[in-house]
């Protein structure tokens, strides 16, 4: 059974997503006491979280002045999406070389559930589940190749992407409905180069839709 995330890890992710969403614009003061009260935790995990986020570049630690938010600039966002596309493409190409019939069946099952859910009336629960199924689809591809280093780099890049935008941006669900079957077919055909190209294009097209809203209201 996977270990339960530490409280500081949960606080890190909460504050990371808040900064990426624009809840704390550039230069906003991040007070330890205020954040601890808001999150319902002690000061210690908040301090640990802010130090970790400072190491990621999302927070600036100022001597004797505390912490301030430092969301990514547009160039940072463009770089993150480009890195995601490249790394996901590598993993898809490698997945095409090793995928079994069972792996293909699992991908098809995930996509079929995604497609069926997309036909249901909009709701918060539907949106969250569509995002979860989309993530599950790509994780299934990413975990097929042996070795973990490329996946580690991709997980690192994924930290800097908002997790609440999947269905709220027009065209993202439609893009997944169109692209995922072709990606499955390329992997099933063991066409590594086509799988790489399709996944890179899929991420690039998604980036063009998400990029304008990644920073929220900043």
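Residue numbers (full-length UniProt numbering): 1 to 218.
For every residue, glycine included, the Cβ atom is placed at its ideal position computed from N, Cα and C.
Residue interval of the alpha helix (DSSP H) (run including residue i)
{"i": "residue 81", "result": "74-98"}
{"i": "residue 8", "result": "7-20"}
{"i": "residue 162", "result": "Note, residue 162: premise wrong, no alpha helix (DSSP H); not H, not E."}
{"i": "residue 175", "result": "172-188"}
{"i": "residue 23", "result": "That residue, residue 23, is in no alpha helix (DSSP H); it is neither H nor E in DSSP."}
{"i": "residue 131", "result": "124-142"}
{"i": "residue 45", "result": "43-56"}
{"i": "residue 148", "result": "Careful: residue 148 lies outside any alpha helix (DSSP H) and carries neither H nor E."}
{"i": "residue 101", "result": "101-118"}
Expected contact under 8 Å - CB spacing of residue i and residue j to nearest Å
{"i": "residue 87", "j": "residue 157", "result": "7 Å"}
{"i": "residue 180", "j": "residue 137", "result": "6 Å"}
{"i": "residue 11", "j": "residue 39", "result": "6 Å"}
Span separating the alpha-carbon of residue i from that of residue j
{"i": "residue 71", "j": "residue 101", "result": "43 Å"}
{"i": "residue 178", "j": "residue 37", "result": "45 Å"}
{"i": "residue 80", "j": "residue 43", "result": "31 Å"}
{"i": "residue 132", "j": "residue 189", "result": "26 Å"}
{"i": "residue 207", "j": "residue 184", "result": "21 Å"}
{"i": "residue 200", "j": "residue 84", "result": "8 Å"}
{"i": "residue 118", "j": "residue 151", "result": "28 Å"}
{"i": "residue 48", "j": "residue 153", "result": "23 Å"}
{"i": "residue 135", "j": "residue 129", "result": "10 Å"}
{"i": "residue 23", "j": "residue 13", "result": "14 Å"}
{"i": "residue 214", "j": "residue 169", "result": "In this predicted model, residue 214 has a pLDDT of only 49, less than 50, meaning its place in the structure is not dependable enough to derive any value."}
{"i": "residue 149", "j": "residue 198", "result": "22 Å"}
{"i": "residue 115", "j": "residue 171", "result": "14 Å"}
{"i": "residue 144", "j": "residue 41", "result": "38 Å"}
{"i": "residue 155", "j": "residue 9", "result": "15 Å"}
{"i": "residue 204", "j": "residue 89", "result": "11 Å"}
{"i": "residue 174", "j": "residue 17", "result": "25 Å"}
{"i": "residue 186", "j": "residue 209", "result": "24 Å"}
{"i": "residue 147", "j": "residue 139", "result": "14 Å"}
Terminal residues of the beta strand (DSSP E) in which residue i lies
{"i": "residue 59", "result": "59-62"}
{"i": "residue 67", "result": "66-69"}
Sub-9 Å separation of residue i and residue j beta-carbons
{"i": "residue 195", "j": "residue 96", "result": "yes"}
{"i": "residue 15", "j": "residue 46", "result": "yes"}
{"i": "residue 99", "j": "residue 193", "result": "no"}
{"i": "residue 91", "j": "residue 51", "result": "no"}
{"i": "residue 58", "j": "residue 104", "result": "no"}
{"i": "residue 21", "j": "residue 162", "result": "yes"}
{"i": "residue 54", "j": "residue 27", "result": "no"}
Test: residue i CB closer than 9 Å to a CB of chain B
{"i": "residue 149", "result": "The chain labelled as chain B is not found in the depicted structure, where only one protein chain is given."}
**Asked** Touch check for the region 109-122 and the region 64-84: three-plus C-beta pairs under 8 Å?
**Response** With a cut-off of 8 Å, the region 64-84 and the region 109-122 do not count as touching, because too few Cβ pairs lie within range.
**Asked** Pairing CB atoms from the region 52-71 with CB atoms from the region 124-144, are three or more of them under 8 Å?
**Response** no
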